[in-house]
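J.:
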Amino acid sequence: MPEFTYQARDAEGRLREGRFEAESEAAVAQYILSRAMTPVRIEQAREETDILAVLMRRLDLDLPGRDELILFARQMYAITRAGLPLIAGMAQLAESTRHPRLREVIHDIVDDLESGRELSAAMARHEKVFGALFISMVRVGEQSGRLDEAFDRMFHYLTRDQETVRGLKKALRYPTFVLVAIAIAVGIIMTFVIPGFAKLYAGFHLELPLPTRIIIAVATFFNHWWPWMLGGIITAVFVFRRWQRTPEGRLWWDQHKLKIPVIGDIILRGTLARFTGAFAMTFRSGMPILQGLAVTATAVDNAWLEQRIEEMAIAIERGESLSRAIIMSGVFTPLVIQMITVGEDTGQLEDMLEEATVFYEREVAYDVENLSSLIEPLLTVAIGVLVLVLALGVFLPMWDLVEVAKR
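Encoded structure:
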């Protein structure tokens with residue numbers, strides 16, 4: 000079925016643009032009129048001739064970045080906070096959006112809203128653009144009657160996430176540079192230096208020490224099989240990424256990435272801050288605890304933690320208190336458990352959840368700031384061990400060469 004592009008004016012005279020698949024221009028005009036708009040221009044969409052643009056669209060390389068989503072969340076907060084109609088507000092927002100893909104998506108959302116869809120359902124059709132967390136938070140806001148707070152929370156979350164990512168990049172910049180330099184140096188040594196020493200030692204028929212034999216064996220294997228090794232690594236990464244998208248793979252990865260030294264703790268605390276913040280919002284709106292847990296379980300964007308939250312809901316259904324269910328989950332820190340217990344006992348659970356959110360956010364910020372100070376000593380030790388092994392492997396046989404020369 001052919002695709003058409005159109006321009007139309009709505010009841011307030013604003014110019015609207017969009018795409019629609021139909022059998023003819025008349026069908027497109029009928030579609031436009033059914034949405035209380037007046038057709039201005041309808042023409043069949045041209046086939047995309049820009050190969051780069053087609054490739055970027057197919058590979059989702061034209062998705063809006065975190066900066067665009069931060070601005071979108073802030074603007075949506077202003078629209079919902081001011082009480083403007085969503086359709087009118089988002090139509091104006093689309094006209095002022097510079098990012099082509101995001102502008103197109105906002106137009107699609109406006110069309111869905113006009114056809115009666117909820118905002119979260121309309122955004123869910125573009126999950127690659129917004130992500131599961133954003134959509135879940137909007138759904139929480141809709142169900143709790145606090146849509147403006149949902150966008151405000153997403154704005155602050157995305158901003159903090161941006162700062163965290165920048166902090167991680169800054170902390171990892173030097174170690175990454177050092178590791179790349181070491182990898183290049185080791186590659187050169189294994190390719191050119193070690194084979195030369197191996198020929199030298201072979202010419203004297205020396206009995207080589209174990210470290211030297213290991214290094215020569217590794218260098219020989221590397222020189223003969225490096226194309227297969229490279230292909231195997233690329234294939235393994237591709238297969239792992241495909242498996243990671245399956246329910247079993249996602250569950251395994253979401254659990255084990257929390258166990259990565261240093262980085263895992265940062266991911267866990269950031270995810271728990273996301274949960275406590277979303278749960279506080281549902282609790283503030285008067286939503287029952289079980290319903291709030293069900294809604295916020297999808298907001299953590301982690302399959303393993305989602306299971307733990309679902310187990311908390313099951314425990315509460317059996318008659319356990321919230322604090323007891325949290326203890327049984329085994330993922331919260333003792334201080335936060337104590338805060339939630341006090342909040343539950345005093346009737347100030349909402350305030351304690353907010354305090355827990357602030358606590359986790361501060362922990363994440365602190366860990367990111369101190370990440371480089373934790374990595375650099377480990378990196379120094381690793382470099383020292385590598386240099387020692389190479390030095391022993393290369394220079395131990397030199398003493399035997401000296402003895403041969405004396406003879």
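So for the sequence shown, numbering that gives the first Met the number 0 puts the first residue at 0; every next one is plus one.
Glycine residues also receive a C-beta, built at the ideal position from the N, C-alpha and C atoms.
Source: prediction; values computed, not measured.
#1: By DSSP's criteria, tyrosine 5 is part of a beta bridge. Which residues make up the other side?
#2: Examine the Cβ distances between the stretch 314-329 and the stretch 155-164 and report whether three or more of them are shorter than 8 Å.
#3: Compute the Euclidean distance between the alpha carbons of alanine 277 and arginine 283, then round it to the nearest angstrom.
#4: Could you give the DSSP three-state label for alanine 355: helix, strand or coil?
#5: Within the stretch 253-331, note down every full alpha helix (DSSP H) run reaching 4 residues or more, in order along the chain.
#6: Taking the Cβ atom as the reference point for each residue, do leucine 334 and alanine 312 lie within a distance shorter than 8 Å?
#7: If we call anything under 8 Å between Cβ atoms a contact, is tyrosine 365 one with threonine 275?
#8: State the Cα-Cα distance for the pair threonine 379 and lysine 198, rounded to the nearest angstrom.
#9: Whose C-alpha, out of Met136, Ala390 and Glu42, is nearest the C-alpha of aspartate 151?
#10: Note the first and the last residue of the continuous alpha helix (DSSP H) segment covering leucine 62.
#11: Distance, Cα to Cα, glycine 144 vs threonine 234?
#12: Which class does glycine 346 belong to by DSSP, given the choice of helix, strand or coil?
#13: Less than 8 Å separating the beta-carbons of methionine 351 and isoleucine 339?
#14: Over the uninterrupted alpha helix (DSSP H) stretch that includes threonine 245, give me the two end residues.
#15: As a quick exercise: from Leu377, Val27, Phe394 and Ile259, pick the residue whose alpha carbon is nearest that of threonine 175.
T.: This is what the structure holds:
#1: Gly17 and Ile41
#2: no
#3: 10 Å
#4: helix
#5: 262-283, 288-296, 302-316 and 321-328
#6: no
#7: no
#8: 32 Å
#9: Met136
#10: Unbroken run through leucine 62: none, as it is neither H nor E.
#11: 48 Å
#12: coil
#13: yes
#14: Unbroken run through threonine 245: none, as it is neither H nor E.
#15: Leu377
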